[in-house]
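Participant: One structure, as structure tokens, below. Some questions next.
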Amino acid sequence: MPSLINRALGHGLLIVSSGVSAILPLALLRSIDRLYGVEIGAAASVSLTVAAFVSQIGVAYWLESRILGQTAIDLGISPVIVTIGLGGCVLWPLGAASPSVGLWLAVPALAALEATRAIGIYRGRSPWELIATVILLMLCITVLCMPHQLIIWMATPLAVAVVICLRRYSSRGGLMPSPRRGAGWVLAETASTGIVQPLVSVVILGAMGASAALAYRYLLSLINLFSPFLAVIRIRLMRSHSDFEIVVTGVAVTFISGTLIIPEVFHLWSFFFGEVWNEVGIWSLAVACVWKFASLVSTIPFASLRRLGRAREVFILRVVSSVIYLGLAALAAGLGGSIFLVIAAYALAEAATSIIYGRFAWVQKSQS
Numbered sequence: 012m013p014s015l016i017n018r019a020l021g022h023g024l025l026i027v028s029s030g031v032s033a034i035l036p037l038a039l040l041r042s043i044d045r046l047y048g049v050e051i052g053a054a055a056s057v058s059l060t061v062a063a064f065v066s067q068i069g070v071a072y073w074l075e076s077r078i079l080g081q082t083a084i085d086l087g088i089s090p091v092i093v094t095i096g097l098g099g100c101v102l103w104p105l106g107a108a109s110p111s112v113g114l115w116l117a118v119p120a121l122a123a124l125e126a127t128r129a130i131g132i133y134r135g136r137s138p139w140e141l142i143a144t145v146i147l148l149m150l151c152i153t154v155l156c157m158p159h160q161l162i163i164w165m166a167t168p169l170a171v172a173v174v175i176c177l178r179r180y181s182s183r184g185g186l187m188p189s190p191r192r193g194a195g196w197v198l199a200e201t202a203s204t205g206i207v208q209p210l211v212s213v214v215i216l217g218a219m220g221a222s223a224a225l226a227y228r229y230l231l232s233l234i235n236l237f238s239p240f241l242a243v244i245r246i247r248l249m250r251s252h253s254d255f256e257i258v259v260t261g262v263a264v265t266f267i268s269g270t271l272i273i274p275e276v277f278h279l280w281s282f283f284f285g286e287v288w289n290e291v292g293i294w295s296l297a298v299a300c301v302w303k304f305a306s307l308v309s310t311i312p313f314a315s316l317r318r319l320g321r322a323r324e325v326f327i328l329r330v331v332s333s334v335i336y337l338g339l340a341a342l343a344a345g346l347g348g349s350i351f352l353v354i355a356a357y358a359l360a361e362a363a364t365s366i367i368y369g370r371f372a373w374v375q376k377s378q379s
């Protein structure tokens with residue numbers, strides 16, 4: 012029993028750490044919207060979407076390409092990641108001169124922050140990660156409650172720099188292996204998946220306007236509260252299969268769905284996000300929760316294929332999935348002009364992905 016409790020606590024710490032990291036972009040976007048208005052907020056939403064894409068590529072290169080086809084290894088955080096992150100933190104304050112494009116300068120720092128977080132998840136719980144989580148939590152609360160230029164452009168990069176350094180210190184002594192054979196497939200697969208969100212964001216901005224683009228980004232940021240659970244289970248399952256962690260994540264996803272939908276029933280999200288949230292509504296939020304639950308289902312066979320080292324096959328499957336995603340979402344945005352239809356397209360695409368992955372993983376296991 013103590014062992015089970017310790018596992019649950021360790022898993023919980025990793026999830027909380029990821030959750031706080033997921034809240035930071037939302038906090039920044041909301042503060043910029045309140046300070047500078049919808050038009051600049053919409054422009055900032057695109058830069059944050061690109062930052063998320065670059066972060067995915069960084070995680071694929073610094074983590075996933077190095078653990079491909081392997082079980083647990085003691086992976087460290089490369090000094091290169093720290094250099095990129097700290098360099099981004101130095102550039103970040105310069106964005107105050109032009110808020111509409113200023114967050115582009117924060118992309119390296121946000122990408123490094125995500126890469127260090129992912130490696131920390133892979134390594135497991137650490138007392139230093141707990142300290143980093145507290146710092147990020149206090150930062151998010153400050154950014155949300157006190158929208159001010161000094162906080163966005165000075166305090167935030169300073170806190171991000173401290174967290175990156177703490178995570179680097181916690182991984183000292185860890186291995187830094189070169190990317191394994193097949194790493195190119197991993198990067199290509201991640202790029203084919205991650206490019207969907209930036210492209211759809213641009214389509215929505217062009218076809219539906221700034222208000223819809225900002226509302227869409229708010230919804231994605233809110234739904235990113237699922238990301239900690241999905242990111243942890245994805246990385247942990249690439250390390251080794253665990254029915255316990257799958258069950259815990261499933262329960263957590265169900266719980267988070269309720270905690271997101273109930274406030275919408277009482278119009279609390281409209282109060283928090285303002286008038287642009289009227290572009291979303293309860294049905295879009297509910298379908299988004301279904302989409303993320305489908306993502307959990309598809310993660311299980313995906314991780315199994317990665318553990319088997321099937322990088323090329325996963326890339327092909329990802330390309331098929333991304334084409335389905337992009338085609339349905341662009342059609343929904345361009346012709347339907349509704350965020351609900353875009354999110355419904357995502358849910359359908361992810362359900363199709365789950366079926367494709369599950370079938371292929373079953374065939375691979377039966378042949379091995």
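Take any residue in the sequence shown, count from 1 to its spot, add 11: that is its number in the working numbering.
Glycine is no exception: its CB is placed at the ideal position from the N, C-alpha and C atoms.
#1: Indicate whether the contact test is met: 3 or more Cβ pairs, each with one atom in the region 26-41 and one in the region 147-154, closer than 8 Å.
#2: Please list, in chain order, all residues of the same chain as residue 118 whose beta carbon is under 8 Å from its beta carbon, the five residues on each side excluded.
#3: Using only alpha-carbon positions, find the residue among 179, 289 and 71 that is nearest to residue 227.
#4: By the 10 Å Cβ neighbour count, where 16 or more other Cβ atoms means buried, how is residue 75 classified, buried or exposed?
#5: Is the beta carbon of residue 131 sitting closer than 7 Å to the one on residue 140?
#6: Can you confirm whether the region 153-168 touches the region 206-223 when touching is taken to mean that 3 or more C-beta pairs between the two stretches lie within less than 8 Å?
#7: By how many angstroms is the C-alpha of residue 167 removed from the C-alpha of residue 43?
#8: Buried or exposed for residue 105, please, with buried defined as at least 16 other CB atoms from any protein chain shown within 10 angstroms of its CB.
#9: With 16 as the cutoff for other CB atoms within 10 Å, does residue 334 come out buried or exposed?
#10: Flag this pair as touching only if the region 212-220 and the region 328-346 have three or more C-beta atom pairs under 8 Å; answer yes or no.
#11: Would you report the Cα separation of residue 310 and residue 292, rounded to the nearest angstrom?
#12: Within a Cβ cutoff of 7 Å, which residues of the same chain sit near residue 70, ignoring the five residues on either side of it in sequence?
#13: Give me, in chain order, the residues of the same chain whose beta-carbon lies closer than 7 Å to that of residue 52; leave out the 5 immediate sequence neighbours on both sides.
#14: Considering only C-alpha positions, which residue in the set 313, 268 and 55 is nearest to residue 298?
#15: I need the straight-line Cα distance from residue 94 to residue 173, nearest angstrom please.
#16: Buried or exposed: where does residue 251 fall if 16 or more other Cβ atoms within 10 Å of its Cβ makes it buried?
#17: Which value, in whole angstroms, describes the spacing of the CA atoms of residue 116 and residue 109?
#18: Is it the case that the Cβ atoms of residue 388 and residue 339 are separated by a distance below 7 Å?
#19: Using 7 Å as the threshold, is the C-beta distance between residue 265 and residue 240 below it?
#20: Measure the beta-carbon distance from residue 314 to residue 361 and round it to whole angstroms, keeping in mind my assumption that it falls under 8 Å.
#21: Could you name the residues of the same chain whose beta carbon sits closer than 6 Å to that of residue 275, not counting the 5 residues immediately before and after it, in chain order?
#22: In whole angstroms, what is the alpha-carbon distance linking residue 363 and residue 332?
#23: With a threshold of 6 Å on Cβ separation, who are the neighbours of residue 351 within its own chain once the five nearest residues in sequence on each side are excluded?
#24: Pull up the distance between the alpha-carbon of residue 220 and that of residue 319, whole angstroms please.
#25: Using three-state DSSP, classify residue 274 as helix, strand or coil.
#26: Can you check whether the CB of residue 160 is closer than 7 Å to the CB of residue 122?
#27: Which stretch, first to last residue, makes up the alpha helix (DSSP H) that contains residue 249?
#28: So, is residue 373 buried or exposed, given that buried needs 16 or more other C-beta atoms within 10 angstroms?
#29: How about residue 391 and residue 199: do their beta carbons lie closer than 7 Å?
#30: Residue 170: which of 197, 237, 101 and 234 sits nearest, CA to CA?
#31: Which residues in the same chain as residue 281 place their Cβ atom closer than 7 Å to its Cβ, once the five residues preceding and following it in sequence are excluded?
#32: Shortest alpha-carbon distance to residue 283 belongs to which of 301, 180 and 233?
#33: Specify the secondary structure class of residue 158 as computed by DSSP and reduced to three states.
#34: Taking C-beta to C-beta, are residue 249 and residue 317 nearer than 7 Å?
#35: Give the range of the alpha helix (DSSP H) segment to which residue 78 is assigned.
#36: Give the straight-line distance between the Cα atoms of residue 1 and residue 371, rounded to the nearest whole angstrom.
Facilitator: Taking the definition as stated:
#1: Output reads yes: the region 147-154 touches the region 26-41.
#2: Answer for residue 118: 58, 61, 62, 65 and 99, listed in chain order.
#3: Sorting 179, 289 and 71 by C-alpha distance to the C-alpha of residue 227 places 289 at the top.
#4: buried
#5: When the beta-carbon positions are compared, residue 131 and residue 140 come within less than 7 Å of each other.
#6: no
#7: 13 Å
#8: exposed
#9: exposed
#10: Taking 8 Å as the limit for Cβ pairs, the verdict is that the region 328-346 does touch the region 212-220.
#11: 28 Å
#12: 125, 126 and 129
#13: 40, 43, 44 and 225
#14: 268
#15: 13 Å
#16: exposed
#17: 11 Å
#18: The chain is shown from 12 up to 379; residue 388 falls before or after that span and cannot be answered.
#19: no
#20: Not really, about 16 Å apart at Cβ, beyond 8 Å.
#21: 293 and 296
#22: Their Cα atoms are separated by approximately 8 Å.
#23: Around residue 351: 294 and 295.
#24: Going from the Cα of residue 220 to the Cα of residue 319 covers about 44 Å.
#25: helix
#26: No; because the gap between Cβ atoms is not below 7 Å, this pair is not in contact.
#27: 238-250
#28: exposed
#29: No answer is possible for residue 391: it lies beyond the span of the chain, which begins at 12 and ends at 379.
#30: Measuring from the Cα of residue 170, the nearest candidate turns out to be 101.
#31: 288 and 289
#32: For the residues 301, 180 and 233, the minimum Cα distance to residue 283 belongs to 233.
#33: Coil at residue 158, not helix or strand.
#34: yes
#35: Residue 78 -> no alpha helix (DSSP H), and no H or E assigned at all.
#36: The structure shown has nothing for residue 1, since the chain only spans 12 to 379.
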